[in-house]
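Here the structure comes first, spelled out in structure tokens, and everything after it is commentary.
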Amino acid sequence: MADTSMTSRVVEAPTGSTITVKSETPLLPRAAFVLITLASLLGVYFTGRMHGLAGFALFWRWTAIWSPALVVGFLAWRLFYLRPVESGLSPERVGALHGALLDRVRVVGRYLAVFSLVAASAPFVVEYLSGWQATALVLANLAAAALLPFAWCDRRLAYLALAAGAGTLILWSVADSSGLVYLTLVRAAHLLAFGLWLGGALFNLGAAVPAGRRHANMHAVVAGARQLERFRWVVRTSLPTIIFTGLWMALRYGGFASPFWRDGLGLLIPLKLGLIGALVVIFITCPLYRACSPVRGVCNLDDLGA
Ligand code: HEM
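The numbering used here numbers the first residue of the sequence shown as 1 and each following residue consecutively.
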């Protein structure tokens with residue numbers, strides 16, 4: 001299913017081999033981003049309906065969970081997978097890629113700040129929140145909105161913004177779990193794993209791909225491939241975490257054979273299982289078809305030869 005319709009540009013690499021740069025972003029990473037978003041929409045709809053929410057409040061509450069999830073995964077890449085220096089690679093070329101990536105963090109960070117402002121207004125339409133929960137959620141989102149525009153140039157502020165995003169997801173887990181400690185922990189693990197995956201997918205599409213295109217040289221490709229591999233390890237952990245925590249939460253409503261899963265709200269959970277199945281297929285297929293990046297070699301360094 002490799003996309004053959006893309007036009008390509010060939011760049012001479014310093015070692016003499018060539019690096020091909022496709023002009024279009026491959027379909028699979030975009031599809032993964034949409035499917036993760038869709039699965040989150042179904043999850044928030046399920047939980048919101050269980051809490052008696054309806055109409056616009058349901059959708060608005062989803063933005064308040066989707067937005068901090070993006071912040072968490074996006075800043076995790078900026079802080080942990082992205083390195084200013086990579087062993088064995090040219091400091092100048094890796095530094096140039098690093099600068100371009102931080103510039104993308106600056107641009108995308110502004111959008112995330114706006115989303116965080118929208119998320120800060122959601123607690124006002126969610127009636128079941130207690131006073132302290134609503135206040136804490138508003139403050140955490142406002143903090144993220146204030147810090148995000150500086151996350152590209154100041155690591156400490158980026159850590160604080162990441163903490164604000166993760167704190168928001170944990171606060172929702174507390175608010176939705178009726179004081180049950182195990183449920184709070186399992187729900188928080190479900191949401192944090194979702195955030196690391198979704199926000200990482202956003203970084204790949206919104207920062208790694210455009211910056212990698214502009215730095216098509218051997219050193220930047222190897223640095224990009226290493227970053228992507230760090231993210232893949234996170235996905236390898238997030239995937240089973242989401243499945244096990246999701247199944248655990250689902251089984252609280254009825255056993256595997258329960259009629260609850262066959263219609264109405266219960267049908268959303270088998271649907272989510274279908275979505276996660278599709279995401280597993282994408283995760284396996286993406287490197288096989290070199291579809292994670294338009295820059296040859298980032299998906300699999302073997303493509304560059306010796
Ligand atoms: C990429 C895949 C998935 C994503 C992004 C995702 C995301 C979410 C989100 C955002 C929520 C809402 C929590 C809230 O509103 O407080 C949620 C709830 C839920 N998810 Fe998932 N989920 C995924 C896969 C799964 C799977 C595979 C299952 C199990 C079959 C599952 C089961 C559940 C259940 C049962 C809830 C509701 C828990 C409750 O309210 O009691 N999820 N999920």
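Note that beta-carbon positions come from the ideal geometry of N, C-alpha and C, so glycine has one too.
**Asked** Buried or exposed: where does Arg-61 fall if 16 or more other Cβ atoms within 10 Å of its Cβ makes it buried?
**Response** As a working mapping, residue 61 is identified with position 61 in the sequence shown. Flag for Arg-61 reads buried.
**Message:** Within a Cβ cutoff of 8 angstroms, which residues of the same chain sit near Arg-110, ignoring the five residues on either side of it in sequence?
**Reply:** On the sequence shown, position 110 is the one that residue 110 refers to. So the qualifying residues of the chain are Leu-148 and Pro-149.
**Prompt:** Looking only at its own chain, which residues have a Cβ that is under 7 angstroms from the Cβ of Arg-214, when we skip the five neighbours before and after it?
**Reply:** Locating residue 214 in the sequence shown gives position 214, where the first residue counts as 1. Sequence-distant partners of Arg-214 (beyond 5 residues in either direction) whose C-beta falls short of 7 angstroms from its own C-beta, in its chain, are Ala-100.
**Asked** Between Phe-80, Leu-102 and Leu-137, which lies nearest to Thr-63 when the distance is taken from Cα to Cα?
**Response** For the purposes of this step, residue 63 is taken as residue 63 along the sequence shown, with counting starting at 1. Looking at the Cα atoms, Leu-137 is the closest of the given residues.
**Message:** Using a 10 Å radius around the Cβ and a threshold of 16 neighbouring Cβ atoms, would you call Met-218 buried or exposed?
**Reply:** Here residue 218 refers to the residue found at position 218 of the sequence shown. Met-218 comes out buried.
**Asked** Does the Cβ-Cβ distance between Leu-97 and Ala-211 come in under 9 angstroms?
**Response** Here residue 97 is taken as the residue at index 97 of the sequence shown, counted from 1. Here residue 211 is taken as the residue at index 211 of the sequence shown, counted from 1. Yes, these two residues count as a Cβ contact at 9 angstroms.
**Prompt:** Val-209 and Ser-293 look like a contact to me (Cβ under 8 angstroms); what is the Cβ gap, rounded to whole Å?
**Reply:** Mapped onto the sequence shown, residue 209 falls at position 209. Mapped onto the sequence shown, residue 293 falls at position 293. Val-209 to Ser-293, Cβ: 6 angstroms. Contact.
**Message:** Would Leu-192 and Ala-166 be called neighbours here (beta carbons separated by less than 9 angstroms)?
**Reply:** If you number the sequence shown from 1, residue 192 lands on position 192. If you number the sequence shown from 1, residue 166 lands on position 166. Cβ distance < 9 angstroms, so Leu-192 and Ala-166 count as in contact.
**Message:** Using only CA atoms, which one of Asp-303, Leu-251 and Gly-246 lies nearest to Gly-43?
**Reply:** For the purposes of this step, residue 43 is identified with residue 43 of the sequence shown, where counting begins at 1. The option with the nearest alpha carbon to Gly-43 is Gly-246.
**Request:** Below 8 angstroms CB to CB, which residues in the same chain sit around Gly-195 once its five sequence neighbours on both sides are set aside?
**Result:** For the purposes of this step, residue 195 is taken as the residue at position 195 of the sequence shown. Result list for Gly-195: Pro-68, Ala-69, Leu-70, Val-71, Val-72, Gly-73, Gly-165, Ala-166 and Leu-169, in chain order.
**Request:** Give a single yes or no on whether Lys-22 has its beta carbon closer than 8 angstroms to a heavy atom of the ligand HEM.
**Result:** Translated into the one-based positions of the sequence shown, residue 22 becomes position 22. Lys-22 Cβ: outside cutoff for every heavy atom of the ligand HEM.
**Asked** In angstroms, rounded to a whole number, what distance separates the CA positions of Thr-184 and Ala-57?
**Response** Counting from 1 along the sequence shown, the entry for residue 184 is found at position 184. Counting from 1 along the sequence shown, the entry for residue 57 is found at position 57. Taking the straight line from one Cα to the other gives about 22 angstroms.
**Prompt:** Just to confirm, does His-98 get its C-beta within under 8 angstroms of one of the non-hydrogen atoms of the ligand HEM?
**Reply:** In the sequence shown, the residue the question calls residue 98 occupies position 98. No, the ligand HEM has no heavy atom inside 8 angstroms of this Cβ.
**Request:** Assuming Ala-158 and Leu-79 form a contact by the criterion Cβ under 8 angstroms, report the distance between their Cβ atoms to the nearest whole angstrom.
**Result:** Reading the sequence shown from its first residue, position 158 is the one you call residue 158. Reading the sequence shown from its first residue, position 79 is the one you call residue 79. 6 angstroms between Cβ atoms; contact.
**Item:** Spatial distance of Leu-102 from Leu-162 (CA atoms)
**Value:** Taking the first residue of the sequence shown as position 1, residue 102 is located at position 102. Taking the first residue of the sequence shown as position 1, residue 162 is located at position 162. Cα to Cα, the separation comes out at about 16 angstroms.
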